[in-house]
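Read the structure below first, then the notes.
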Amino acid sequence: MARTILPFGPQHPVLPEPLHLKLVVEDEIVLEAVPALGYVHRGLEKLCEVRDVNQMIQVVERVCGICSCLHAVCYCQGIEALLSLDVPPRAKYLRVIWGELHRMHSHLLWLGLFADAFGFESLFMQCWKVRERIMDIMEATCGNRVVVSVNVIGGVRRDLSPEQCSWILEQLAIAEKDVKRLQSTLLTDYTVCKRTKGKGVLTGEQAYQLGAAGPTLRGSGVAQDARQENYAAYGGLEFAPVTEPDGDSYARSAVRFRETLQSIDLVRQAIARMPGGEIAVTTKARPQGEVTMRVEQPRGELFYYIKADGTKNLDRVRIRTPTFANIPPLLAMLPGIELADVPVVVLSIDPCISCTER
Amino acid sequence: MFTMTKNVVRNLLTKSATRLYPFDVREPFEGYRGRLDNRIEDCIFCKTCQVKCPSQCITVDAKAGTWDCDPFACVYCAICVDHCPVKCLFMDNTHRKPSAEREMIHLQGTPKKKKTPAAKAAPAQDAAPASPAPEGEAAAPQAPETPSGDTK
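Chains A and B supply the protein sequences, listed in that same order.
Take 3 as the starting number for the first sequence in my numbering and just add one per residue.
Take 2 as the starting number for the second sequence in my numbering and just add one per residue.
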């Protein structure tokens with residue numbers, strides 16, 4: 003059969019994101035993929051010229067619903083660096099707790115969607131059932147399920163009482179049991195292995211050269227995690243980046259699965275080591291200068307560039323999200339695979355196109 | 002190969018994990034940010050909420066004593082609640098019902114009382130013998146308006 007160009011997306015039954023790929027196929031084997039973006043551009047970066055520095059926290063939280071807390075953490079840390087603010091240690095630990103809860107719910111959501119991509123509906127429902135418990139923790143502690151709005155410049159807005167902490171630990175113990183119950187299915191089931199092992203292989207060198215981020219990079223055996231930079235309270239916690247050597251879709255899902263358990267452990271450590279004291283410092287100073295800030299999102303490294311000119315509005319906010327970094331590796335994964343595996347491989351980088359286009 | 006079977010059987014034998022939502026509603030969590038409301042009788046119409054709101058969904062008219070909010074534009078961040086100086090704004094922990102039509106929250110309160118010229122004149126007359134006093138007294142009633150002018 004001659005070469006055919008097949009449009010894939012922007013709306014595809016298994017992809018929740020409007021990603022459009024032009025696939026060059028020959029006999030159902032993908033030869034090349036060309037991405038087309040630009041379906042959900044919202045102009046959020048431009049809003050920084052209208053909204054003031056504090057109001058921008060709520061704007062950046064809406065770049066991505068799934069990792070809203072970490073966007074706010076990154077932005078607030080950037081502004082705090084410009085103002086040379088000392089954030090109270092308790093606020094740093096609280097940021098870690100909510101950030102890790104976000105990572106957990108993002109990974110569980112993705113594991114469910116991934117199971118759904120190869121038609122494992124029951125596993126999809128199981129993952130989302132566990133995720134619901136994490137969402138309840140966030141609703142009870144922050145007041146909202148997804149966009150938690152707890153970060154402010156100089157700290158956080160809500161505190162955790164000892165009763166809430168012990169309730170979180172109880173809930174996490176149940177969630178951990180539920181996640182572990184899914185372990186054998188997610189990692190050893192015949193159907194799952196058949197659809198994911200050896201699909202979309204990215205070697206460690208390729209991943210590094212193409213600038214992959216997050217589980218896509220760690221799934222190829224490169225132990226690199228922005229949390230190792232010890233922002234927030236990560237310096238006081240013990241963890242090591244989760245890596246898998248194979249670089250295929252299975253390795254990426256295994257990394258995410260193990261990171262979910264790691265996040266539960268990190269929340270436990272953070273609650274155990276959380277000091278008392280203030281949760282926020284206030285300032286009336288206006289930021290001036292420019293700064294770059296990195297945090298580790300569930301999908302990978304998030305990068306902010308902020309330029310302020312001493313007025314109440316910022317001059318420029320540039321956001322580079324992990325999906326943007328993961329698109330070149332995705333294009334390297336696709337050639338050589340069967341057309342039927344394209345949705346699984348595309349989903350294996352956890353694409354968030356709303357993030358990428360802002 | 003049948004690793005999921007245990008889970009499936011357990012789910013069949015145990016209680017449903019979901020609720021029949023409209024008939025069975027879970028108790029809301031205490032701090033849930035469900036719905037923005039205002040105890041209008043306590044409101045001083047200082048416009049702080051209007052200025053701080055990230056989605057700019059609140060409109061306050063100090064002269065007419067009205068407080069309007071567009072609940073469809075509200076992002077339920079509770080920034081206005083945190084900044085309210087008299088704590089008349091609050092978040093109810095039950096969420097707003099879905100609506101087929103656009104609706105606005107329109108609250109009418111009592112506008113701030115301005116000191117009448119008669120009230121101004123009385124202390125001014127008393128203080129008349131001291132020459133610089135009348136000017137000082139005349140400027141004083143305008144002072145409360147200045148902060149609201151700044152916050153715009």
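Every residue gets a Cβ at the ideal spot worked out from N, C-alpha and C, and that includes glycine.
Residue 103 of chain A: first and last residue of the uninterrupted alpha helix (DSSP H) it sits in: Per DSSP, residue 103 of chain A belongs to the alpha helix (DSSP H) from 91-119.
Test: residue 87 of chain B CB closer than 8 Å to a CB of chain A: Proximity of residue 87 of chain B to chain A, defined by a Cβ-Cβ separation below 8 Å, is not satisfied.
From B:75, B:7 and B:21, residue whose alpha carbon lies closest to that of residue 149 of chain A: Closest in alpha carbon position to residue 149 of chain A, among B:75, B:7 and B:21, is B:75.
Neighbour-count burial assignment, residue 27 of chain B, 16 or more Cβ in a 10 Å radius: Residue environment for residue 27 of chain B: exposed (fewer than 16 other C-beta atoms within 10 angstroms of its C-beta).
Residues of the stretch 125-136 of chain A whose Cβ lies closer than 9 Å to any Cβ of chain B, in chain order: Cβ contacts with chain B: 125, 127, 128, 131 and 134.
Pair within 8 Å by beta-carbon distance, residue 163 of chain A and residue 60 of chain A: Their beta carbons are not under 8 Å apart, which means residue 163 of chain A does not touch residue 60 of chain A by this criterion.
Three-state secondary structure assigned by DSSP to residue 83 of chain A: Residue 83 of chain A carries a helical assignment under DSSP once its states are collapsed to helix, strand and coil.
Endpoints, beta strand (DSSP E) assigned at residue 138 of chain A: Boundaries around residue 138 of chain A are those of the alpha helix (DSSP H), 123-144, since no beta strand (DSSP E) includes it.
Buried versus exposed call for residue 11 of chain A [16 or more other C-beta atoms within 10 Å across all chains shown]: Answer is buried; the Cβ neighbour count reaches 16.
Alpha-carbon spacing of residue 67 of chain A relative to residue 68 of chain B, whole angstroms: When rounded, the distance between both Cα atoms is 30 Å.
For residue 206 of chain A, the first and last residue of its enclosing alpha helix (DSSP H): Where residue 206 of chain A is concerned, the enclosing alpha helix (DSSP H) stretches over 206-211.
Residue 53 of chain A - partner residues in DSSP beta bridges: As far as DSSP is concerned, residue 53 of chain A takes part in no beta bridge.
Rounded straight-line distance, which links the Cα of residue 124 of chain A to that of residue 13 of chain B: Each residue's CA atom was taken as its position, placing residue 13 of chain B and residue 124 of chain A some 12 Å apart.
Per DSSP, the bridge partner or partners of residue 169 of chain A: Its beta-bridge partners do not exist; DSSP assigns none.
Residues of its chain near residue 128 of chain A, where Cβ-Cβ distance is below 7 Å and the 5 sequence neighbours each way are ignored: Within the same chain, residue 128 of chain A has close Cβ partners 184.
Residue 175 of chain A burial status per 10 Å Cβ neighbour count (16 or more: buried): Burial call: exposed.
Cβ pair residue 22 of chain A, residue 38 of chain A closer than 8 Å: Yes, the Cβ-Cβ distance between residue 22 of chain A and residue 38 of chain A is below 8 Å.
is_contact[residue 30 of chain B, chain A] using C-beta, thresh 8 Å: Yes, contact with chain A.
Residue 249 of chain A versus residue 224 of chain A - alpha carbon distance: The straight-line gap from Cα to Cα measures roughly 10 Å.
Residue burial classification, residue 212 of chain A (beta-carbon count within 10 angstroms, cutoff 16): The residue is buried, with at least 16 neighbouring Cβ atoms inside 10 Å.
Closest residue to residue 237 of chain A among A:147, A:259, A:116 and A:268 (Cα-Cα distance): The shortest Cα separation from residue 237 of chain A among A:147, A:259, A:116 and A:268 belongs to A:268.
Cβ pair count under 8 Å reaching 3, the stretch 202-217 of chain A against the stretch 299-316 of chain A: Because the criterion of three Cβ pairs below 8 Å is met, the stretch 202-217 of chain A and the stretch 299-316 of chain A touch.
According to DSSP, residues forming a beta bridge with residue 31 of chain A: In DSSP, residue 31 of chain A forms a bridge with A:28 and A:340.
Residues bridged to residue 153 of chain A (per DSSP): Per DSSP, A:158.
DSSP-derived helix/strand/coil call for residue 50 of chain B: Helix, per DSSP.
Alpha-carbon spacing of residue 152 of chain B relative to residue 55 of chain B, whole angstroms: Since pLDDT at residue 152 of chain B reaches only 36, below the 50 mark, its modelled position is unreliable, and no value is offered.
Listed by chain order, chain B residues near residue 173 of chain A by CB distance under 9 Å: Those within 9 Å of residue 173 of chain A in chain B number zero; the least Cβ separation is about 12 Å.
Distance between residue 252 of chain A and residue 160 of chain A (C-alpha atoms, nearest Å): Spanning the alpha carbons of residue 160 of chain A and residue 252 of chain A requires a straight line of approximately 38 Å.
Distance, residue 228 of chain A Cα to residue 357 of chain A Cα: In a straight line, the C-alpha of residue 357 of chain A is about 18 Å away from that of residue 228 of chain A.
Distance cut-off 7 Å: residue 231 of chain A Cβ against heavy atoms of the ligand SAH: You won't find the ligand SAH in this model; it holds no ligand whatsoever.
Beta-carbon gap between residue 73 of chain B and residue 36 of chain B smaller than 8 Å: Result no, Cβ atoms of residue 73 of chain B and residue 36 of chain B do not sit closer than 8 Å.
Proximity winner among A:18, A:20 and A:35, relative to residue 26 of chain A (alpha-carbon distances): A:35 is the residue among A:18, A:20 and A:35 whose C-alpha sits nearest the C-alpha of residue 26 of chain A.
C-beta neighbour in chain B for residue 191 of chain A, strict 8 Å: Closer than 8 Å: yes.
CA-to-CA distance, residue 57 of chain B to residue 84 of chain B, given in whole angstroms: Residue 84 of chain B and residue 57 of chain B: Cα-Cα distance of roughly 14 Å.
Beta-ladder partner(s) of residue 290 of chain A, from DSSP: Paired residues: A:311.
Within chain B, the residues that residue 2 of chain A reaches when beta carbons sit closer than 8 Å: Not covered by the structure: residue 2 of chain A. The range shown for chain A is 3 to 360.
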